[in-house]
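Data first, discussion second: the structure below is written as structure tokens.
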Amino acid sequence: METLQYTLRKLVTGIPLILGVTLISFTLMVHFGPDKTYDLLGKNPTQEQITEVRHQLGYDKSFVVRYTQYLKELATMNFGYSDSSGEKVSSILIRTMPVSLALILPGFVLGNLFGVILALIAAYHRGHWIDKIIMGVSVMGMSVSFLIVIIAFQVIFSSSQGLDLFPVRGWDVYSFTDYIHYVTVPTLASIFVSLGYNTRFYRAVIVEEMGRDHVRTAKAFGAHPIELLFKSVLKNSLIPIITRIMFSIPLVVISGSLLLESYFGIPGVGKVTYDAILSGDQPILKAVVGLTAIMFVFTLIINDILYKVVDPRISLK
Amino acid sequence: MSIHMSSKKPLLSVRDLVVEFNTERGLVRAIDGISFDVMPGETMGLVGESGCGKSVTSLAILGLIPSPPGRITAGSIQLNGRELVGLPESEYRKIRGSEISMIFQEPMTALNPVFSIASQMTDVLSRHQKIRGKQAKNRAIEMLELVGIPSPDKRINEYPHQLSGGMRQRVMIAMALSCNPKLLLADEPTTALDVTIQAQVMEQIVKLQHELGTAVVLVTHDLGVVAESCQRALVMYAGRIVEQSPIIPLFKNPQHPYSAGLMASIPRIRADKIAELPTIPGTVPDLLHLPKGCRFAERCQFSDDRCHQEQPKNQTKDNREVACFHPCGEAS
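Line by line, the protein sequences are chains E and Y.
When you line the first sequence up against this note's numbering, it's residues 1307 to 1623, in that order.
When you line the second sequence up against this note's numbering, it's residues 54 to 385, in that order.
Okay, here's the thing in structure tokens:
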């Protein structure tokens, strides 16, 4: 009951946030954004033709009217049709969103899971060679550019010079085997890159927790290291871990897959967004920006509810 | 009540224990060759200033010296004749919380904030006593009742932050005693509590110690607590034991000048008002640069050349041991 009340209250307070984000992005992207009038007209257009096209594009309406129009689109999830392909924006998103999720999810989950496990091991052996090796490899993972990792992994796993096990590009998925076939290399690349950052961050959190008095108490009462780490320490460290994971979700889903999608030729949201930015396809951009804002609000709410689940000291009031 | 009662075997026997820490500034000997016995069922005080090695001593007994940087470099710790120094971790874990338990100074932070009292107590019980579920919970409730927590069947489901400091320390005591340990190490158990609560908690420890026959090593700098609850006390200074003695002679007639200084600096109601409370001049020596001779010589009013050159050996007399060339009460 408390949780439900809290969720509703947060949803209401999330509205100004959505308004703020959409207002700023609308102003930058649409109001000051590209003017497509002359792209659509031929050479030497008459004044009537210009007015006609501007009317069709809705440029002749006032800022307030256009912004309200945008909010209406957001509320009804009806963003009109893509400028470039003429396809319905909502159907583009419905088609590409699952692809992006399927591409990103395994790497995201495994990258965080391995990050936490390695961080626990490193923190427990703090100062020993195990810790030093894990941290050394993490710094390596962090230092190498994502692009280099992608290209290197493509060479290693997908080229005739390497193992030649997986396709270099494409997304031709009809079965689970196909899925594994196409998703493995991008997943390995994103794990390799995110693992460094994750492990370092989580290790710092866990090292701090390891120094707490209750850990010493648990040791003094004979707790096994596994129990100590995966129960006492992990549950206490979950708040910063949850925060990091939750806050990276909107970014990862919408934009994080951009590099992967363009380098592996996968038709996901990232690719669509990237193309829309290049071609000034406003209906798509408006949809992506608005949805990201909404997703952030929901993530924040889930985040706070998870805090409560993990830590009994936190009240949702 | 003697130090070496020949008829009884000591429960815990520490011999020539040396604990060293690797620090950035060099090797520090936090404990330098201490020896003492704890008899079954007795309460022994371990007294000294901060940094004298008393907490390190209790951690060493439990095998919990943080390593690195610390380690036991020499000596032995025997529990009922069984050597604990060098015991494999898996064996040591079976002893911690079951044969030797420990209560810590900070009840506010010593319990895990995100697990309920029930969960923390039943974990210990299932680990050492192999009882689980309802049975373990009932045993935990029984223990909470024993340490004087009202409506323990409700309290047990609460989290540490829902309890007061005194209640949390009672929970600690209940947890520590739940597996019937033979030895309880209490590291400043009342220091963080209000004075009125301090008395209650101390009373509880003493009462349970009598009922259960647990031996207690009470680590504290509070001489009042030692005087009230211990039969015997060790006085530590800069990593060494300077005096060990039954409690009444120690307070009436301290032999080591350091003990004498400690006793004199206890605030009390005196017949004649004094302008200033007596203090011990100077500060504890830096463990990195220890003097060659007696460690207390710099601050001692009786010290002479010999004290600065030579380390005094323990002298035993009337069940008392003192490491001093010029014990108080003797012509020097």
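Glycine included, every Cβ here is placed at the ideal spot set by N, Cα and C.
The C-alpha of Y/Leu-271 is placed about 27 Å away from the C-alpha of Y/Leu-343. Neighbours of E/Ser-1538 across chain Y, judged by C-beta separation under 8 Å: Asn-165 and Phe-168. Using a Cβ-Cβ cut-off of 7 Å, Y/Thr-162 is close to Arg-1518, Asp-1519 and His-1520 of chain E, given in chain order. Under the criterion of beta carbons closer than 8 Å, E/Ser-1444 and E/Gly-1502 qualify as touching, at roughly 4 Å.
Chain E places a beta carbon closer than 8 Å to that of Y/Pro-121, counting this residue as a contact. Per the DSSP secondary-structure output, Y/Ala-268 pairs in a beta bridge with Y/Leu-236. The secondary-structure analysis by DSSP pairs E/Ser-1388 with nothing; it has no beta-bridge partner. Neighbourhood of Y/Phe-157 in chain E, by CB distance below 8 Å: Asp-1519, Arg-1522, Thr-1523 and Ala-1526, in chain order.
In summary, Y/Met-220 is buried, with 16 or more beta-carbon neighbours lying within 10 Å of its beta-carbon over all protein chains present. In the three-state DSSP reduction, Y/Glu-77 falls in the coil class, being neither helix nor strand. With contacts defined by Cβ atoms closer than 8 Å, Y/Arg-82 and Y/Gly-346 do not form a contacting pair.
Under the 10 Å beta carbon count, Y/Ala-286 is surrounded by 16 or more other beta carbons and is classified as buried. Apart from the 5 residues on each side of it in sequence, Y/Gly-116 sits with its Cβ closer than 6 Å to the Cβ of Tyr-145 in its chain, given in chain order. Collapsing the DSSP output to three states places E/Leu-1424 in a helix. Note: Y/Ser-298 is bridge-paired with Y/Ala-286 in the DSSP secondary-structure output. Cβ proximity to chain Y below 7 Å picks out nothing from the stretch 1457-1469 of chain E.
Taking every protein chain shown into account, the CB of E/Ile-1439 has fewer than 16 other CB atoms within 10 angstroms, so this residue is exposed. The alpha helix (DSSP H) runs of length 4 or more contained entirely in the stretch 140-198 of chain Y are, from start to end of the chain, 142-148, 160-163 and 170-181. Setting aside the 5 residues that flank it on each side, E/Pro-1340 is surrounded in the same chain by Gly-1586, each with a C-beta closer than 6 Å to its C-beta; the list follows chain order. Chain-order list of chain E residues neighbouring Y/Arg-180: Phe-1527, Gly-1528, Ala-1529, His-1530 and Glu-1533, by C-beta distance under 9 Å.
Within chain Y, the residues placing a beta-carbon under 8 Å from that of E/Asp-1617 are Pro-166 and Val-167, ordered along the chain. Under the three-state reduction of DSSP output, E/Asp-1484 falls in the helix class.
With distances taken between CA atoms, E/Leu-1535 lies nearest to E/Tyr-1508 out of E/Asp-1470, E/Leu-1471, E/Met-1446 and E/Tyr-1508.
Residue contact check for E/Lys-1577 against chain Y: no CB pair falls below 8 Å.
The shortest C-alpha to C-alpha distance from E/Tyr-1344 to any of E/Thr-1333, E/Leu-1334 and E/Glu-1358 is the one to E/Glu-1358. A Cβ of chain Y is located within less than 8 Å of the beta carbon of E/Lys-1541.
For the stretch 69-92 of chain Y, there are no residues whose beta carbon sits under 7 Å from a beta carbon of chain E. By the CB criterion at 8 Å, Y/Ala-227 and Y/Leu-246 fall outside the cutoff. With a cutoff of 8 Å on beta-carbon distance, Y/Ala-229 and Y/Met-316 are scored as not near each other.
Here DSSP, grouped into helix, strand and coil, assigns Y/Arg-352 to helix. Taken atom to atom, the span from the alpha-carbon of Y/Ser-169 to that of Y/Ile-209 is near 7 Å.
One thing to note: E/Val-1539 has its Cβ within 8 Å of the Cβ of E/Glu-1515.
With fewer than 16 other CB atoms across the displayed protein chains lying within 10 angstroms of its CB, E/Tyr-1480 is exposed. By the Cβ rule, the stretch 66-86 of chain Y does not count as touching the stretch 256-276 of chain Y, because fewer than three pairs are nearer than 8 Å. With distances taken between CA atoms, Y/Glu-241 lies nearest to Y/Ser-108 out of Y/Ser-108, Y/Gly-128, Y/Gly-335 and Y/Pro-320.
Shown here, Y/Ser-108 sits in a helix according to DSSP, grouped into three states.
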